[in-house]
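Residue numbers for the sequence shown follow numbering that gives the first Met the number 0, beginning at 0 and rising by one.
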Amino acid sequence: MPLDIVLTSVCVTAGGKARTLRNIFRRFGGPLYGFTAKHQVIYDPDISGPLLISGQPDHALETRSVMWSLFMRVGGTGKEEGEELHTSWQSSYKDLLIALERTFLNEHGAANALASGNIPKRMSNLVSYVDGSDKTLLKAWERTAGVKVIRPDTAEQPGIVEVDLMNLLRDFGAHLAISLLFGDKWLENYPECIEDLWKFEEQVLFLTLGLPRWLPLRSFREGNAARTRMTGQVGELFKKISDYQDGNISIDELSDVPAVSFGRSDVFRKHNVGLYHRGVIETSLLLGQNSNTQRATSWLTIFICCNPDLLQRLRDEVAPYVIIERNAKTSRPEITHFDHNSIHNKCPMLKAALYETFRLTNEATSVRHVYKSVEVPMSTDLEKPKMHTLPQGTWVTALHHLIQHDPAIFPDPKTFIPDRFLQIDPITGKKVARHGCMKPWGVGSGMCRGRTYAEKQVLAVAAAFITLYDVQSVDGKGGGMKVPQGLPGTGTKVPKGGIRVRLSRRKLD
0 MPLDIVLTSV
10 CVTAGGKART
20 LRNIFRRFGG
30 PLYGFTAKHQ
40 VIYDPDISGP
50 LLISGQPDHA
60 LETRSVMWSL
70 FMRVGGTGKE
80 EGEELHTSWQ
90 SSYKDLLIAL
100 ERTFLNEHGA
110 ANALASGNIP
120 KRMSNLVSYV
130 DGSDKTLLKA
140 WERTAGVKVI
150 RPDTAEQPGI
160 VEVDLMNLLR
170 DFGAHLAISL
180 LFGDKWLENY
190 PECIEDLWKF
200 EEQVLFLTLG
210 LPRWLPLRSF
220 REGNAARTRM
230 TGQVGELFKK
240 ISDYQDGNIS
250 IDELSDVPAV
260 SFGRSDVFRK
270 HNVGLYHRGV
280 IETSLLLGQN
290 SNTQRATSWL
300 TIFICCNPDL
310 LQRLRDEVAP
320 YVIIERNAKT
330 SRPEITHFDH
340 NSIHNKCPML
350 KAALYETFRL
360 TNEATSVRHV
370 YKSVEVPMST
380 DLEKPKMHTL
390 PQGTWVTALH
400 HLIQHDPAIF
410 PDPKTFIPDR
420 FLQIDPITGK
430 KVARHGCMKP
440 WGVGSGMCRG
450 RTYAEKQVLA
460 VAAAFITLYD
470 VQSVDGKGGG
480 MKVPQGLPGT
490 GTKVPKGGIR
500 VRLSRRKLD
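Here's what the structure looks like:
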């Protein structure tokens with residue numbers, strides 16, 4: 000099934016001969032494509048959107064089977080273990096979701112969680128100004144950034160480092176998000192966590208395809224090993240939490256573990272979920288929490304920094320909500336006021352830049368299992384179009400991201416133009432950012448539940464970064480930076496070769 004999705008997507012976006020090849024797999028003279036009758040791919044948003052929504056009330060299309068199928072393939076659980084895990088997961092799923100909702104899945108909880116993460120303080124210490132040859136001297140999010148000190152950081156003049164900005168911000172965001180689940184101490188005790196996360200994540204597509212684990216590819220083996228290490232480390236954390244809940248250890252060992260993990264541990268205990276399966280479930284949560292969000296943070300910031308005029312507009316826009324002052328002791332600029340809600344709700348240009356980043360880098364897809372037979376129109380042009388029945392037990396996929404490159408909807412689709420998402424609110428008369436027909440979070444019951452937190456984190460990290468730092472090309476001259484080419488990923492494009500820049504603190508007048 001994943002192969003159908005990848006090939007159809009490539010054929011549609013490539014055009015030319017590839018588009019002609021796609022038509023070979025067209026079915027029933029309508030918008031359905033696929034190699035087998037078991038799986039149909041739809042790329043017409045006028046049909047896929049209503050279908051996914053209308054399929055919800057009577058549960059004709061459902062996501063639980065999709066989630067479980069991916070869970071088994073990506074999580075690495077064997078068949079016998081899988082049967083036991085399936086029982087545990089089915090019984091605990093709703094309660095586990097409730098535990099997350101209190102902290103991350105609503106406006107208030109997401110804002111509070113991010114506030115507790117203290118982004119201003121973390122961002123003030125983004126780099127250590129230490130060469131990356133000795134990783135033990137680096138912060139966890141610097142380990143893959145290839146840090147090279149150009150000029151030491153002193154009170155008299157700001158330091159300059161050369162870094163891979165894509166990796167630096169990706170890992171900074173991951174460290175922040177994971178700490179809000181498991182705590183900073185857990186990350187300190189598992190310094191390879193973020194590197195393991197991306198080694199694992201980069202193999203998700205191959206795991207989804209169902210490739211055997213013994214495949215003799217170095218990156219594939221490393222991804223499998225990273226997944227095993229993560230599962231073990233996460234499982235050990237939840238063993239300690241359970242030991243504390245049984246009164247066997249003191250809270251000292253878990254002093255900074257957030258309440259959300261204690262709440263999820265309560266659910267695991269209630270439903271008798273084994274320790275190994277707790278590790279599998281929570282490792283999957285880590286993957287979902289970070290896979291697309293952190294890459295989006297990097298892409299957004301890079302697009303901004305490669306557009307000097309936009310950078311200045313955004314600095315001016317966020318300035319009332321991200322206030323910086325010079326520290327009297329260090330003479331360095333620091334953020335003294337950071338308003339998460341205003342950054343999210345009162346900075347339309349920043350949000351429009353995020354939507355344009357989604358448009359160019361996001362590859363949103365919705366997969367559904369046909370639980371009950373459902374009819375699909377073969378056209379939207381006719382009053383009574385011909386209908387096709389999707390049989391019970393088959394699968395259907397909507398490729399939302401294909402419209403993002405349609406010049407009829409988005410003129411000059413290859414160019415970064417965030418203003419295209421700005422509108423004037425007819426009631427307030429103020430500018431607002433609206434994503435329109437894009438579906439970056441999916442549709443219906445399968446829509447990303449963590450979208451509120453994810454959007455807030457991306458905007459907050461980007462706002463803090465552009466407020467505190469200047470970026471130049473590696474030759475030390477202003478301008479000349481180019482956005483790297485994006486290659487297909489597991490939901491968000493990955494950069495070809497990264498982007499190395501010179502980074503320094505902004506000078507205050």
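Note that beta-carbon positions come from the ideal geometry of N, C-alpha and C, so glycine has one too.
Provide the residue(s) that pair with residue i in DSSP beta bridges, ordered along the chain.
i: residue 386; result: 376
i: residue 61; result: 368
i: residue 359; result: Residue 359 is not bridged to any residue.
i: residue 205; result: In the DSSP output, where bridge partners are listed per residue, residue 205 has none listed.
i: residue 39; result: 395
i: residue 491; result: 361
i: residue 332; result: 325
i: residue 486; result: 493
Using the beta-carbon count (16 or more within 10 Å), is residue i buried or exposed?
i: residue 502; result: buried
i: residue 368; result: buried
i: residue 208; result: exposed
i: residue 335; result: exposed
i: residue 309; result: buried
i: residue 56; result: Only weak support is given to the placement of residue 56: the predicted model assigns it a pLDDT of 46, under 50, and the value that follows is read from those uncertain coordinates. Looking at its Cβ environment, which holds fewer than 16 other Cβ atoms inside 10 Å, residue 56 is exposed.
i: residue 414; result: exposed
i: residue 54; result: Here residue 54 scores only 49 on pLDDT, less than 50, and its place in the model is too uncertain to base an answer on.
i: residue 216; result: exposed
i: residue 417; result: buried
i: residue 532; result: The structure shown does not extend to residue 532, since the chain is modelled only from 0 through 508, so no value can be given for it.
i: residue 116; result: buried
i: residue 330; result: exposed
i: residue 429; result: exposed
i: residue 213; result: exposed
Assuming contact is defined by CB atoms lying nearer than 8 angstroms, are residue i and residue j in contact in what I supplied?
i: residue 467; j: residue 332; result: yes
i: residue 221; j: residue 239; result: no
i: residue 145; j: residue 255; result: no
i: residue 257; j: residue 179; result: yes
i: residue 278; j: residue 246; result: no
i: residue 327; j: residue 365; result: no
i: residue 304; j: residue 480; result: yes
i: residue 173; j: residue 196; result: yes
i: residue 485; j: residue 363; result: no
i: residue 218; j: residue 202; result: yes
i: residue 295; j: residue 457; result: yes
i: residue 387; j: residue 375; result: yes
i: residue 36; j: residue 455; result: no
i: residue 114; j: residue 343; result: no
i: residue 175; j: residue 139; result: no
i: residue 427; j: residue 106; result: no
i: residue 266; j: residue 95; result: yes
i: residue 314; j: residue 507; result: no
i: residue 341; j: residue 320; result: yes
Nearest by alpha-carbon distance to residue i: which of the options is it?
i: residue 229; options: 176, 284 and 59; result: 284
i: residue 167; options: 470, 481 and 336; result: 470
i: residue 93; options: 462, 486 and 448; result: 448
i: residue 412; options: 170, 356, 495 and 38; result: 356
i: residue 504; options: 152, 244 and 100; result: 152
i: residue 97; options: 451, 263, 386 and 121; result: 263
i: residue 474; options: 91, 392, 499 and 450; result: 499
i: residue 419; options: 349, 337, 493 and 199; result: 349
i: residue 120; options: 84, 323, 206 and 37; result: 323
i: residue 472; options: 406, 361 and 306; result: 306
i: residue 318; options: 302, 464 and 236; result: 464
i: residue 408; options: 437, 40 and 133; result: 437
i: residue 164; options: 343, 301, 451 and 320; result: 301
i: residue 460; options: 200, 372, 353 and 493; result: 353
i: residue 453; options: 112, 86, 190 and 392; result: 112
With contact counted as at least three CB pairs below 8 angstroms, one residue from each stretch, are the region 153-166 and the region 124-133 in contact? yes
The region 425-443 touching the region 257-272, judged by at least three CB pairs closer than 8 angstroms: no
Are the region 285-303 and the region 478-493 touching, with three or more C-beta to C-beta distances below 8 angstroms? yes
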